[in-house]
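Some notes on the structure that comes next.
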Ligand SMILES: C[S@@+](CC[C@H](N)C(=O)[O-])C[C@H]1O[C@@H](n2cnc3c(N)ncnc32)[C@H](O)[C@@H]1O
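This is how it looks when you write it as structure tokens:
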């Protein structure tokens with residue numbers, strides 16, 4: 197019996213059960229949690245069915261688990277061994293084949309860590325410069341001053357794109373960040389420039405409107421004090437390696453509808 201999982205409720209349910217880490221919305225673990233619905237759309241719209249996904253900044257488990265639920269192999273790299281162990285434990289509990297894979301390492305070495313990997317899609321959410329500091333590891337991009345951050349960021353994007361097949365898409369979710377002087381770094385245009393420097397075409401931009409949360413309270417004060425506008429969006433940037441028409445042909449018709457869980461309710465029930 198096909199069983200639908202509504203990605204958003206499913207993940208919130210998992211968070212409530214403590215199966216996966218909360219974050220952005222709940223502020224539980226302090227790192228942001230990635231939007232599972234955005235993830236599902238990105239895979240269905242820009243990744244060939246069954247196509248392997250490469251993620252140079254894996255973070256939490258959402259991108260790996262949604263890939264598995266959509267029948268796409270996933271390889272994520274992250275510097276945080278603790279994060280990867282938590283992801284693997286969660287995936288082992290709720291994912292069937294293809295099981296998502298995570299490698300603990302520095303994505304500056306993605307060319308050797310993922311040697312021989314031929315990706316059909318690159319999808320990631322990098323550190324937004326120093327907006328969230330993930331560790332005190334000197335290799336951690338979030339610990340770097342912006343010029344050093346950008347240098348490593350460009351290197352990792354170039355190496356990841358080299359592992360992407362021709363006539364394929366890549367997508368990064370980013371948001372601009374203010375430096376200590378209050379001015380934006382220009383992280384969004386720098387991301388576009390980094391992909392273009394890697395030979396990719398800047399192909400689409402979508403805006404992910406995020407929950408305002410406490411912004412209305414915060415924005416008033418900062419606008420009064422320094423005319424800073426508050427931000428409730430992130431930028432979904434899509435790039436293409438080669439011919440967008442061939443990349444689209446490789447994906448085929450747009451996927452809609454329920455995600456089949458395979459097996460029956462009982463089996464599905466047990467997995468929860
Ligand atoms: C935006 S995050 C993840 C946030 C969010 N939890 C998510 O799931 O999208 C970025 C991740 O990049 C990782 N990271 C930072 N520097 C790295 C590096 N040099 N190589 C690999 N991963 C790195 C951090 O450990 C963090 O988990």
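Numbering (the working numbering), first residue to last: 197 to 468. All C-beta atoms in this analysis are idealised placements derived from N, C-alpha and C, irrespective of residue type, glycine included.
- At least one heavy atom of ligand 1 is found less than 8 angstroms from the C-beta of residue 337.
- Annotated as distal: residue 273 and residue 229, with beta-carbon spacing of 9 angstroms or more.
- If you look at residue 235, you'll find it in the alpha helix (DSSP H) that goes 232 to 242.
- Rounded to whole angstroms, the Cβ separation of residue 348 and residue 275 is 11 angstroms, and the two are not in contact under 8 angstroms.
- As the crow flies, the alpha-carbon of residue 313 is around 35 angstroms from that of residue 374.
- Note on geometry: alpha-carbon atoms of residue 246 and residue 303 lie some 24 angstroms from one another.
- Residue 403 counts as exposed, since fewer than 16 other beta carbons sit within 10 angstroms of its beta carbon.
- Inter-residue distance for residue 290 and residue 418 is about 43 angstroms (C-alpha atoms, whole angstroms).
- Close CB contacts of residue 322 within its chain, under the 6 angstroms cut and outside five residues either way in sequence, are with 253 (chain order).
- Contact annotation: residue 371 and residue 388 have beta-carbon atoms that are not nearer than 9 angstroms.
- Contact annotation: the segment 349 to 366 touches the segment 389 to 403, with at least three C-beta pairs closer than 8 angstroms.
- Rounded to whole angstroms, the Cβ separation of residue 251 and residue 338 is 16 angstroms, and the two are not in contact under 8 angstroms.
- Relative to ligand 1, even the nearest heavy atom lies 8 angstroms or more away from the CB of residue 319.
- Distances between the C-beta of residue 264 and the heavy atoms of ligand 1 are all 8 angstroms or more.
- The beta carbons of residue 243 and residue 317 sit about 4 angstroms from each other, so the pair counts as a contact at 8 angstroms.
- In the three-state reduction of the DSSP assignment, residue 367 falls in the strand class.
- For the 9 angstroms CB-CB criterion, residue 315 and residue 261 do not form a contact.
- For residue 321, there is no enclosing beta strand (DSSP E), as DSSP marks it with neither H nor E.
- Using a Cβ distance threshold of 9 angstroms, residue 299 and residue 271 count as a contacting pair.
- Per the coordinates, the alpha-carbon of residue 444 lies some 8 angstroms from the alpha-carbon of residue 364.
- If you draw a 10 Å sphere on the C-beta of residue 341, you find fewer than 16 other C-beta atoms in it, and that means exposed.
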